[in-house]
Structure formats: C-alpha cells, structure tokens
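**Student:** First, the structure itself, so that you have it in front of you.
2 protein chains.
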Amino acid sequence: MAKKPEKLWQTPADDALRWVRGTDLDALDESATPGWAGKRRDGEELMASRAPELADLQERLFAHGRTGGDRSVLLVLQGLDTAGKGGIVRHVVGMVDPQGVQHTGFGVPTEEEKEHGYLWRIRNALPRPGYLGVFDRSHHEQVLVVRVNRLEPQKTWRKHYRELNEFEAEVAASGTLIVKVALFVSAEEQKERLAERLERPDKHWKYDPGDIDVRSKLPQYIAAYQEMLDRTSTDVAPWYVVPANRKWYARLAVTELLTGALRSLELGWPPADFDVETEKARLAAS
Amino acid sequence: MAKKPEKLWQTPADDALRWVRGTDLDALDESATPGWAGKRRDGEELMASRAPELADLQERLFAHGRTGGDRSVLLVLQGLDTAGKGGIVRHVVGMVDPQGVQHTGFGVPTEEEKEHGYLWRIRNALPRPGYLGVFDRSHHEQVLVVRVNRLEPQKTWRKHYRELNEFEAEVAASGTLIVKVALFVSAEEQKERLAERLERPDKHWKYDPGDIDVRSKLPQYIAAYQEMLDRTSTDVAPWYVVPANRKWYARLAVTELLTGALRSLELGWPPADFDVETEKARLAAS
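If you're matching them up, the sequences are chains A and B in order. full-length UniProt numbering puts the first residue of the first sequence at 1, with every later residue one more than the last. full-length UniProt numbering puts the first residue of the second sequence at 1, with every later residue one more than the last.
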C-alpha cells in the first residue's frame, strides 16, 4: 500500500465521533465509517500496527501508577445487545497487558448492590492509579434501562443526569481520563446477530429471550440514548458515538480513541527514585 | 517443518514439570527445557498455534459460568524478582479474552489487609465461576517472604503449610481448578535481568533496591521454596516447577499447563435454556 494507513483517517476519530449536542441520533447511519476513507483491510492493518504503541502507552501508564502517579483511564462502553461491546474488549483491550486492565461488566444489580446507591458498585470498580478500567455497561444504565422499563419514577431518574455529571467530574478531578463510547447497530443488523446466536449452539449461551423485549422497545431506547448523549457528554467525560454495523470499523475507531487518550497523558518513563550508579555497584557486588 | 510442533513434547508438560516431593530444588537446571525436544522457534510456533484453542476453552469456561456452572480456574504464579511472572501474564494469559480474566497481584499487605488474616485478601480475589483467576504471588508468600524475613515466629509460619492445604482443598471443592507454577531463574540470569533494568531508563520503574537484599538471601529463599513445594503440592493443587532462564520455554510450558487444565474440565457449550424454535419465531416477528 502506498499510503500509510493512518493517513486514511481524513478526520481524526476523536473529531469525527465526538458527540455534538442536538445531533439527531435517529438519523445515524450505523453502517457508516465516519472519518475513515479506507477499506476493511486497511483498517485491520492500521489496527494491528497500533498494537505495539498501545501496549507501550499502557505500560507507561502502569509504570506511572507504580511510582506514585495518580492518572488512570476509564473506557466506558455502552450499547444495546449485539452492539459489539464484548468484541471491543476482546480485540482492542486485548492488545494490552492484562495486568494493567480492570474490567467490570455491570448487569442487573445483585441483592447486595441494591442495598446501596447505584453509584456504589461503580465507585468500587473505578480504575486504580495506573490502570485502564473498562466498564461494559455503566452508571449510565440509570438513565437507559431504568428509564425505559420504568424502574424508577421519572422525577427520580431525571435527577441522575446531573448526578452522573457531578460524579464524572469528581472522577476526572481525581486523575482518571474518561472516554465514553456508545456503539450502535441497526435494527436489521441486530436481527442478524441475534439470529446467528440462535443458529449456532456455541452461541446459545449469549442469547437471552429478553433481548426480543428490548428490541420491541428500540424507539424508547433511542430516545433514552439521545437524551443521555445530549445531557452527559461533557468536556471531562465526552461521549463518542460509534456506528457498529461494521465490526472492524468499530474496533478500529475505539483503538484510535484509546490510543489518542493515552497519548494525551504525555507520560514518560518514571525517573529512578534511587541512584543508578550506586545500585549498579551493589548489583555487581552481589 | 515436517514434525507437528506439539510432538516435540517428548514428555507432556504436566508430567515433566509436576513437582515430586523430595526432589532437590538446589539441583534444578534453570536453563533446561524439561519434556521439550524442540528449539526456541518450534516453541514459539507451538505457542502461537495454541492461541485459538486456549481462547476457545476459556470462552467455554466463561459460558459455563454465565449459565449457572461452578467451575473456574486459578493460575498461581510464584517466583522471585525477574523470574518472569509478568511476562507469563502478558504473553500467556494475554492470549485469552480479558473479560474472562481476574488478575490480582499481591504485594506487601496494605493497612486494611493487615487488619485481617492473611487469607482474607486471597479469598476476596478468588475467581468467580467461569473466570480464569491469575495470582501474581499468592498466599504462599506466608511461607516464603514471611519465613525468610522472620516476619512471624517459626511456630506461627510453620502452621501455614497445613492451613494452605486446607484452604486450597476448600477452594478446589467449590469448583476451582488450581494450577500452581513456580518459576526459577539462576542467580546469574537474575543478575543480568536486574542489570538490564538498571541500564534502561524505561525499566527503572521495575527496579527496587530491595531486590539486591532478596538476592543476598537466595539460599534461604531456595530452602523456603523447597519446603513449600514439598509440603503444599497436593493432588488438588499441584505445583509445577518451571525453569525460566529461557523465557520462551517458561511461556510455552505455562501455555501447555493452562491448556491442559482447561481441557481437563471437558466443558461443552451450555445447552439453550429456552426453546430455540420459539425464539426464532419471536425474532422473525420482531
């Protein structure tokens, strides 16, 4: 290929995907590849070529945490069933050292979790300094599934927008860089992916009859996502909306967002907190 | 290559590495490649070829956990500084989906941890059903660093052998398959690896002046390891002793041990707990 694949980002992923308040989510083309002028093969090539840099950046973050630094990164993944959150974790997060990753999936709250406020389990899962935290679903479900299924009265869940923003501002102020990604597949693509789960015995475990109920409420979910995006995309915790009908694009896009986030920390290698020459002499004598 | 690389295991890793009580640890050749008749390149080739199977086996375990199963796997990694525990996590555990991994590194106990018994933090980190737990250091430090540095009187740490075995019997009975790996590098190899950490600014953060103190106590550590291996290698939680001067061999060996452990669970894909045809009809109508 003559052109370096990264040049195929005509608009950087960060700019092309960052949510602009008031954009009509209903009009999103889930098959689009915003910002990217290349083909699938180019995308896969670029993604593979990012692996060493991503691993290097993550290791710097980890080293920073081990030497008293306070920075961490939190990747929040939201999306309806089959949107590809799991694939992002496997293929993007899977490129870095598992020692530096804190992954948490948030499902229906357990009995213990229900005894606390909804942010309790979220706080417990926040990345420690030096770590890349990954949330598969998150505190934002409080204005998604909770709203759509009327698990709380409107006057209660309406308060959560402000609470979410205040919480994230606090998390960001403590040193955590927050990157929020919402993945969207079209209704037709979702149907195909659910059909595959029903066809293949090795995918049955991923299928939940409740998925069809969610499908029947798609318009309500889109409305809930629209308001969530409009109200909780902030400077310290922006939302990126990623069309995900093309899995390779979604993975490439999140790779770019994550790489960009880690780069923005501008972390060098921590300086030695010991005298190198003294230690060399001690080692030589040992 | 004419021969399939897995044939180069003349003795399966499980047999070649499993600790036999009373073996003289002092006589271990840390540069040896027990059971393996191939070269480095063959080993790397075999390891790469295991990746799809290892990922598949781990996904079956995860699916099992998601559908009510109680099995999990716990990989315990022990070894002195520079033995390569981190490399095992990155290169072996890194082959499977990070969603299914629970990794915990155990360092000097925190103040909160000190307020509890030494097994408290271990219990909190045990893998949930369906997960691959990885311990970088473990409860066995209670008969290693605690013994060598005399952090407890002898009559106290001597009791831990039995406690460790009882604890692991309980963990195994709850459904967790335990694989314990002790990695050993020679004193010369350790010196080289520490020297590299001192030479390279990107490795300074991995260096701790205390590493030299540990080095000065190598004979005491080897004695502690000897007794730990002899007394805590049990049928339900066997120790595997891996010579680790050759990183490629140590990684290959742990790949084989982990693959073998997962295979031994003989997990198929969980059957559907819903009527597939009914769901296909619901999906089609949705």
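Each residue gets a CB set at the ideal place from its N, CA and C atoms; glycine is no exception.
The beta strand (DSSP E) spanning B/Gly105 covers which residue range?
**Tutor:** That run of the beta strand (DSSP E) goes 101 to 105.
**Student:** Within 10 angstroms of its Cβ, does A/Thr33 collect 16 or more other Cβ (buried), or is it exposed?
**Tutor:** A/Thr33 is buried by the Cβ-count criterion.
**Student:** Could you check where the alpha helix (DSSP H) with B/Trp205 kicks off and where it finishes?
**Tutor:** Here B/Trp205 belongs to no alpha helix (DSSP H), and DSSP marks it neither H nor E.
**Student:** For B/Ala244, tell me which candidate among B/Ala83, B/Asp15, B/Ala13, B/Asp213 has the shortest Cα-Cα distance.
**Tutor:** Nearest C-alpha to B/Ala244: B/Ala83.
**Student:** Going residue by residue through the stretch 173 to 256 of chain A, where are the continuous alpha helix (DSSP H) segments of at least 4 residues, counting only ones entirely within it?
**Tutor:** As far as the stretch 173 to 256 of chain A is concerned, its whole alpha helix (DSSP H) runs of at least 4 residues are 187 to 199, 210 to 216, 218 to 232.
**Student:** For the beta strand (DSSP E) holding A/Ser138, just list the boundary residues, first then last.
**Tutor:** From DSSP, A/Ser138 is part of no beta strand (DSSP E); its letter is neither H nor E.
**Student:** Give a yes or no on contact between the stretch 97 to 105 of chain B and the stretch 84 to 99 of chain A, applying the rule of three or more CB pairs nearer than 8 Å.
**Tutor:** Judged by Cβ distances under 8 Å, the stretch 97 to 105 of chain B makes contact with the stretch 84 to 99 of chain A, as three or more pairs qualify.
**Student:** Measure the C-alpha to C-alpha separation of A/Phe167 and B/Val76 and round it to an integer number of angstroms.
**Tutor:** Roughly 36 Å between the two C-alpha positions.
**Student:** How many angstroms separate the CA atom of A/Trp9 from the CA atom of A/Trp36?
**Tutor:** Rounded to the nearest angstrom, the two C-alpha atoms are 5 Å apart.
**Student:** Which runs of the alpha helix (DSSP H) fall wholly inside the stretch 10 to 87 of chain B and span at least 4 residues, in chain order?
**Tutor:** If we require 4 residues or more, the alpha helix (DSSP H) runs fully inside the stretch 10 to 87 of chain B come out as 13 to 17, 40 to 66.
**Student:** I believe B/Gln190 touches B/Leu25 by the beta-carbon criterion, under 8 Å. Please report the beta-carbon distance rounded to the nearest angstrom.
**Tutor:** Actually they are not in contact, since the Cβ atoms of B/Gln190 and B/Leu25 sit about 15 Å apart, beyond 8 Å.
**Student:** Taking a cut of 8 Å between CB atoms, which residues from the stretch 79 to 93 of chain B lie near chain A?
**Tutor:** Residues Gly86, Val89, Arg90, Val93.
**Student:** Quick one: does A/Val73 have its CB under 7 Å from some CB of chain B?
**Tutor:** A/Val73 does not count as touching chain B.
**Student:** Would you say A/Pro201 faces chain B, with C-beta separation under 7 Å as the test?
**Tutor:** Yes, A/Pro201 lies at the interface with chain B (some Cβ there is under 7 Å from its Cβ).
**Student:** Counting only C-beta atoms, is B/Asp97 closer than 7 Å to chain A at any point?
**Tutor:** By this cut-off, B/Asp97 is an interface position.
**Student:** Under 7 Å between C-beta atoms, does residue 297 of chain B make it to chain A?
**Tutor:** Outside the shown range of chain B, which is 1 to 286, sits residue 297 of chain B, and nothing can be said about it.
**Student:** Quick one: which chain A residues come within Cβ less than 7 Å of B/Lys217?
**Tutor:** By Cβ distance, chain A contributes nothing, its closest Cβ being about 11 Å from B/Lys217, past 7 Å.
**Student:** Counting pairs of beta carbons, one from the stretch 210 to 219 of chain B and one from the stretch 257 to 266 of chain B, are three or more of them closer than 8 Å?
**Tutor:** Not touching, per the Cβ criterion.
**Student:** Rounded to whole angstroms, what's the CA-CA distance from A/Glu256 to B/Ser233? Just pull it up for me.
**Tutor:** The alpha-carbon atoms of A/Glu256 and B/Ser233 are separated by roughly 46 Å.
**Student:** Can you give me the start and stop residues for the alpha helix (DSSP H) that A/Glu280 sits inside?
**Tutor:** For clarity, residue 280 of chain A is Lys in the given sequence; the question names Glu instead. Its alpha helix (DSSP H) spans residues 276 to 285.
**Student:** Please classify B/Arg123: does DSSP put it in a helix, a strand, or coil?
**Tutor:** Correct three-state label for B/Arg123: helix.
**Student:** From the beta carbon of A/Trp269, is the nearest beta carbon of chain B less than 7 Å away?
**Tutor:** Interface residue, yes.
**Student:** What residues of chain A sit near B/Val101, judged by a beta carbon separation below 7 Å?
**Tutor:** The contacting residues are Pro98.
**Student:** Tell me B/Gly133's beta-bridge partners as DSSP assigns them.
**Tutor:** Note: B/Gly133 sits in a beta bridge opposite B/Leu74, B/Gln102.
**Student:** Please classify A/Ser72 as buried or exposed, where buried requires at least 16 other C-beta atoms within 10 Å of its C-beta.
**Tutor:** A/Ser72 should be labelled buried.
**Student:** Going by DSSP in three states, B/Pro270 sits in which element: helix, strand or coil?
**Tutor:** Correct three-state label for B/Pro270: coil.
**Student:** In whole angstroms, what is the alpha-carbon distance linking A/Arg282 and A/Ala172?
**Tutor:** Looking at the two C-alpha atoms, the distance is approximately 42 Å.
**Student:** From the DSSP output, in three-state form, read off A/Asn165 for me.
**Tutor:** A/Asn165: helix per DSSP, three-state reduction.
**Student:** Please state the DSSP three-state secondary structure of B/Glu112.
**Tutor:** Helix at B/Glu112.
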